[in-house]
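Trainee: The structure under discussion is supplied below as structure tokens; questions concerning it will follow.
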Amino acid sequence: MSRGGRMHGAAETAGVAQELAQETDERIHARRWFTLATLCLSLLIIVMDNTILNVAIPSLVDELGATNSQLQWIVDGYTLVFAGLLLTTGSLGDRFGRKLALRIGIVVFAAGSVMSALATSATQLIATRSLMGVGGALIMPSTLSILTNVFRDPRERGRAIAIWAGFSGLGVAIGPVTGGLLLEHFSWSSVFWVNLPIGALALVAGWFFVPETKDPTAARLDPLGALLSIVGLGSVLFAIIEGPSKGWASSEVLAAAAIGALGVLAFVAWELHTDHPMLDLHFFTNPRFTAANVAVTLTFFAMFGSLFLMTQYWQLVHGFTPLEAGVHLVPYALTMMVTAPLSARFVERLGTTRVVTIGLTTISLAMLALSTIQPGSSYLRVIANMCVMAVGMGLTMAPATESVMGSLPREKAGVGSAVNDTTRQMGGALGVAVIGSLVASVYAAGIDDAAASLGLRGDALAAARGSLGAALNQAAGLGDGAGALVAAARQAFVDGLAQGLRVGAAVVFVAAIVAHRYLPATDRTHVVVDRVGVPVVGRAPRSGEDVVGDGVPVAGS
923 MSRGGRMHGA AETAGVAQEL AQETDERIHA RRWFTLATLC LSLLIIVMDN TILNVAIPSL
983 VDELGATNSQ LQWIVDGYTL VFAGLLLTTG SLGDRFGRKL ALRIGIVVFA AGSVMSALAT
1043 SATQLIATRS LMGVGGALIM PSTLSILTNV FRDPRERGRA IAIWAGFSGL GVAIGPVTGG
1103 LLLEHFSWSS VFWVNLPIGA LALVAGWFFV PETKDPTAAR LDPLGALLSI VGLGSVLFAI
1163 IEGPSKGWAS SEVLAAAAIG ALGVLAFVAW ELHTDHPMLD LHFFTNPRFT AANVAVTLTF
1223 FAMFGSLFLM TQYWQLVHGF TPLEAGVHLV PYALTMMVTA PLSARFVERL GTTRVVTIGL
1283 TTISLAMLAL STIQPGSSYL RVIANMCVMA VGMGLTMAPA TESVMGSLPR EKAGVGSAVN
1343 DTTRQMGGAL GVAVIGSLVA SVYAAGIDDA AASLGLRGDA LAAARGSLGA ALNQAAGLGD
1403 GAGALVAAAR QAFVDGLAQG LRVGAAVVFV AAIVAHRYLP ATDRTHVVVD RVGVPVVGRA
1463 PRSGEDVVGD GVPVAGS
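So my numbering is basically just the index in the sequence shown, starting at one, shifted up by 922.
Given below as structure tokens:
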């Protein structure tokens, strides 16, 4: 064949490939909202699992004979594995395919759910819950990174992320309701069996509606970086989780914190010097990326910390059952679910900076208002303040998440999503640990102050100051003195709750200042913008792309 013929054949092949790629993009675009629904369904089961098990804890004590320490690790083992693996699984999804990671994650999560439902001991349940954490770590970054690649238009992407964030908040809040409803009619294992039909539906829908995406320029694997991130994040989380129960100055917690700090420092040093980093730390030099992650972290600090307190307030102060407590949180969940999608429209009118700052300030003010409640406060007063907090969370989560994802190249969406998800988990764990420890300290001091008048000493005093639940159990055997102990313990808990919420409000207000100061309304750095208006940072412009100094998307000609 002549040279001209070969060139003509090559041109035809290239033309056919271009047409096929265009047809594929059009199919993906046409099914994008079905893709979003599938991703939200996949997200729902793993987020809901963070809270659904809490209502089954009494049943686990009765059926499996779980000790307090085992109960803690049944709940926290999932979180520890989940958060510790996120950076690694996000990087693997970028390299080998995010749809593949999603499907494997759903299968692993479902397998872990079956094993958990069939567990005959607390030790088995800790292990199987950890396996579920592996599945969750594969699912969560895949959902957001696929979403970012499917929704190319910045406005649509913002709305899609807002819906995704709404489902994330919904999953956290409806977990106790779902668990309570199941336990009204079935055994504790039902909180795991319920994952199977949802997972199966997500798996089948994903086969038809979720496209495969990956980083076409993925470098070779970074096994040392992955190992250091797992050791560092896992150890830090272990210290945060164990600190409240073992004591922040205990040898175990201090050792874990030291190992975690060294692991994180070693990870940073390695990632800065290796030619093929798992996480390009230069992303953090972008104020949009860094400030948005701070906002996400402290929003989840407030959400998990306040939910941790308020579920106890409903059950132990007002005497609600777990199901009743969950039902009473439904308005809070619905408010967040409705507000999060609306945040995209506010961003279009006001800009990201204003919306995130308003959202964080609203959370802070709502937490201050909640700190004034008393044991006899009405449901309407409490839930109204919680709904105001939910509005702030809805306004913050989606724009901050979009800022994280929009500041990175699409091909790095898996790692970007993993960073966002890791900050969520770290923020939530910190919220429960820090606010919970503060409440426990104030509560114990309150019981000590009342001990003499209540006639408490020795083992009875030690039990009563351990927790409000323990004090209520202690009161059951006191006869005439029960009412005084119950009232004193509930007041001590509410005093601790008030102090914890005030500290949380101060932390979130600092986040609002950071967002106002460092989170640009648009990315003010030079950004490469591709033909469909998606900013692509970290590389030189390609043919058909423009560099936009103020971050306003402009399609190439």
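Think of the CB as a built atom: it goes at the ideal place given N, C-alpha and C, for glycine as much as any other residue.
The model shown is predicted, which means the values in this text are computed figures rather than measured ones.
Should Pro1138 be labelled buried (16 or more other beta-carbon atoms within 10 Å of its own) or exposed?
Mentor: Here residue 1138 is taken as the residue at index 216 of the sequence shown, counted from 1. So Pro1138 counts as exposed.
Trainee: Report the start-end ranges of each alpha helix (DSSP H) in the region 1382 to 1407 that is 4 residues or longer and not cut off at the edges.
Mentor: 1390 to 1397
Trainee: Is it a yes or a no for the region 1301 to 1314 touching the region 945 to 963, going by three-plus beta-carbon pairs under 8 angstroms?
Mentor: no
Trainee: Using the rule of at least 16 other Cβ atoms within 10 Å of the residue's Cβ for burial, across every protein chain shown, is Gln1296 buried or exposed?
Mentor: In the sequence shown, the residue the question calls residue 1296 occupies position 374. Exposed, by the Cβ-count rule.
Trainee: Exposed or buried, which one is Asn1395 when buried takes at least 16 other CB atoms within 10 Å?
Mentor: If you number the sequence shown from 1, residue 1395 lands on position 473. Exposed: under 16 other Cβ atoms inside 10 Å.
Trainee: With DSSP as the reference, label Val959 as helix, strand or coil.
Mentor: Taking the sequence shown and counting its residues from 1, the one referred to as residue 959 is at position 37. Residue 959 is actually Ala in this sequence, not Val. In the structure shown, Ala959 sits in a helix (DSSP, three-state: H, G or I).
Trainee: Look at the Cβ atom of Phe1268, then the Cβ atom of Val1277, and state whether they are nearer than 7 angstroms.
Mentor: The residue given as residue 1268 occupies position 346 in the sequence shown. The residue given as residue 1277 occupies position 355 in the sequence shown. Yes, these two residues count as a Cβ contact at 7 angstroms.
Trainee: Could you have a look at Gly1338 and say whether DSSP puts it in helix, strand or coil?
Mentor: As a working note, residue 1338 is residue 416 in the sequence shown. Helix at Gly1338.
Trainee: If you check the beta carbons only, do Val1072 and Arg949 fall under 7 angstroms apart?
Mentor: Your numbering for residue 1072 matches position 150 in the sequence shown. Your numbering for residue 949 matches position 27 in the sequence shown. Contact flag unset, no.
Trainee: Is it buried or exposed, Trp903, if we count other Cβ atoms within 10 angstroms and call 16 or more buried?
Mentor: The question about residue 903 has no answer here: the residues shown for the chain are numbered 923 through 1479.
Trainee: Between Ala988 and the rest of its own chain, which residues show a CB-CB distance below 7 angstroms, the 5 nearest in sequence each way excluded?
Mentor: The residue given as residue 988 occupies position 66 in the sequence shown. So the qualifying residues of the chain are Leu982, Ile996, Ala1044.
Trainee: With a Cβ-Cβ cutoff of 7 angstroms, do Leu1419 and Leu1231 count as a contact?
Mentor: For this step, residue 1419 is matched to residue 497 along the sequence shown. For this step, residue 1231 is matched to residue 309 along the sequence shown. The answer is yes: Cβ separation under 7 angstroms.
Trainee: Residue ranges of each alpha helix (DSSP H) run of no fewer than 4 residues wholly in the region 1247 to 1314, ordered along the chain?
Mentor: DSSP assignment within the region 1247 to 1314 yields the following whole alpha helix (DSSP H) runs of 4 residues or more, N-terminal first: 1252 to 1272, 1274 to 1292.
Trainee: In its own chain, which residues sit with a C-beta less than 7 angstroms from the C-beta of Phe1114, not counting the 5 before and 5 after it?
Mentor: As a first step, residue 1114 must be located in the sequence shown, where it is residue number 192. Excluding positions up to five away in sequence, the list reads Ser1035, Ser1038, Ala1039.
Trainee: Does DSSP put Ser1151 in a helix, a strand or coil?
Mentor: Working through the sequence shown from its first residue, we reach residue 1151 at position 229. Helix.
Trainee: Does DSSP classify Asp984 as helix, strand or coil?
Mentor: Within the sequence shown, numbered from 1, the residue matching residue 984 stands at position 62. Of the three classes helix, strand and coil, the one that applies to Asp984 here is helix, per DSSP.
Trainee: Whether or not the region 1058 to 1072 and the region 1328 to 1344 are in contact is what I'm after, with contact meaning three or more pairs of Cβ atoms, one per stretch, closer than 8 angstroms; do they touch?
Mentor: yes
Trainee: Helix, strand or coil, according to DSSP, for Ala1366 in the structure here?
Mentor: As a working note, residue 1366 is residue 444 in the sequence shown. DSSP places Ala1366 in helix when its eight states are reduced to three.
Trainee: Helix, strand or coil: which one does DSSP assign to Trp1115?
Mentor: On the sequence shown, residue 1115 is found 193 positions in, with the first residue counted as 1. Helix at Trp1115.
Trainee: Does the distance from the CB of Arg1245 to the CB of Gly1102 come in under 7 angstroms?
Mentor: Translated into the one-based positions of the sequence shown, residue 1245 becomes position 323. Translated into the one-based positions of the sequence shown, residue 1102 becomes position 180. Before going further, note that residue 1245 is Leu rather than Arg in the sequence given. Yes.
Trainee: Tell me where the alpha helix (DSSP H) around Glu1193 begins and ends.
Mentor: As a position in the sequence shown, residue 1193 is number 271, starting the count at 1. From DSSP, the alpha helix (DSSP H) with Glu1193 extends over 1173 to 1195.
Trainee: Report yes or no: do the region 1118 to 1135 and the region 1000 to 1008 share at least 3 C-beta pairs separated by less than 8 angstroms?
Mentor: no
Trainee: Which value, in whole angstroms, describes the spacing of the CA atoms of Gly1182 and Asp1144?
Mentor: Taking the first residue of the sequence shown as position 1, residue 1182 is located at position 260. Taking the first residue of the sequence shown as position 1, residue 1144 is located at position 222. Approximately 19 angstroms, taken between the alpha carbons.
Trainee: Measuring straight from C-alpha to C-alpha, what distance separates Phe1160 and Val1429?
Mentor: One-based indexing of the sequence shown puts residue 1160 at position 238. One-based indexing of the sequence shown puts residue 1429 at position 507. Using only the alpha carbons, I get a separation of about 22 angstroms.
Trainee: Less than 7 angstroms separating the beta-carbons of Phe1223 and Leu1352?
Mentor: Taking the first residue of the sequence shown as position 1, residue 1223 is located at position 301. Taking the first residue of the sequence shown as position 1, residue 1352 is located at position 430. A contact, by the Cβ cut-off of 7 angstroms.
Trainee: From Thr1323, Ala1262, Asp984, Val969, pick the residue whose C-alpha is nearest to that of Ser1111; which is it?
Mentor: For the purposes of this step, residue 1111 is taken as residue 189 along the sequence shown, with counting starting at 1. It is Asp984.
Trainee: Given this structure, state the Cα-to-Cα distance separating Thr1279 from Thr1318, to the nearest angstrom.
Mentor: For the purposes of this step, residue 1279 is identified with residue 357 of the sequence shown, where counting begins at 1. For the purposes of this step, residue 1318 is identified with residue 396 of the sequence shown, where counting begins at 1. When rounded, the distance between both Cα atoms is 8 angstroms.
Trainee: How would you call Leu1343, buried or exposed, if buried means at least 16 neighbouring beta carbons within 10 angstroms?
Mentor: Against the sequence shown, residue 1343 aligns to sequence position 421. According to the sequence provided, residue 1343 is Asp. The question's Leu does not apply to it. Buried, because 16 or more other Cβ atoms sit within 10 Å of the Cβ of Asp1343.
Trainee: Mind checking which residues open and close the alpha helix (DSSP H) that includes Asn1215?
Mentor: In the sequence shown, residue 1215 corresponds to position 293, counting from 1. Taken as a continuous stretch (DSSP letters only), the alpha helix (DSSP H) holding Asn1215 covers 1209 to 1234.
Trainee: Is the beta carbon of Gly1349 sitting closer than 7 angstroms to the one on Ser1265?
Mentor: As a working mapping, residue 1349 is identified with position 427 in the sequence shown. As a working mapping, residue 1265 is identified with position 343 in the sequence shown. Between Gly1349 and Ser1265, the CB-CB gap reaches or exceeds 7 angstroms.
Trainee: Mapping DSSP to helix, strand and coil, what is Ser1375?
Mentor: Position 453 of the sequence shown holds residue 1375. In the structure shown, Ser1375 sits in a helix (DSSP, three-state: H, G or I).
Trainee: If you drop the 5 nearest sequence neighbours on each side, which residues of the same chain put their C-beta closer than 6 angstroms to that of Arg1412?
Mentor: As a position in the sequence shown, residue 1412 is number 490, starting the count at 1. If we look at Arg1412 and ignore the five residues flanking it on each side, its Cβ neighbours are Val1239, Pro1297.
Trainee: Could you name each continuous beta strand (DSSP E) segment of 3 residues or more that falls completely within the region 1065 to 1132, going from the start of the chain to the end?
Mentor: none
Trainee: Could you compute how far the alpha carbon of Ala1148 sits from the alpha carbon of Val1186?
Mentor: As a position in the sequence shown, residue 1148 is number 226, starting the count at 1. As a position in the sequence shown, residue 1186 is number 264, starting the count at 1. Approximately 11 angstroms, taken between the alpha carbons.
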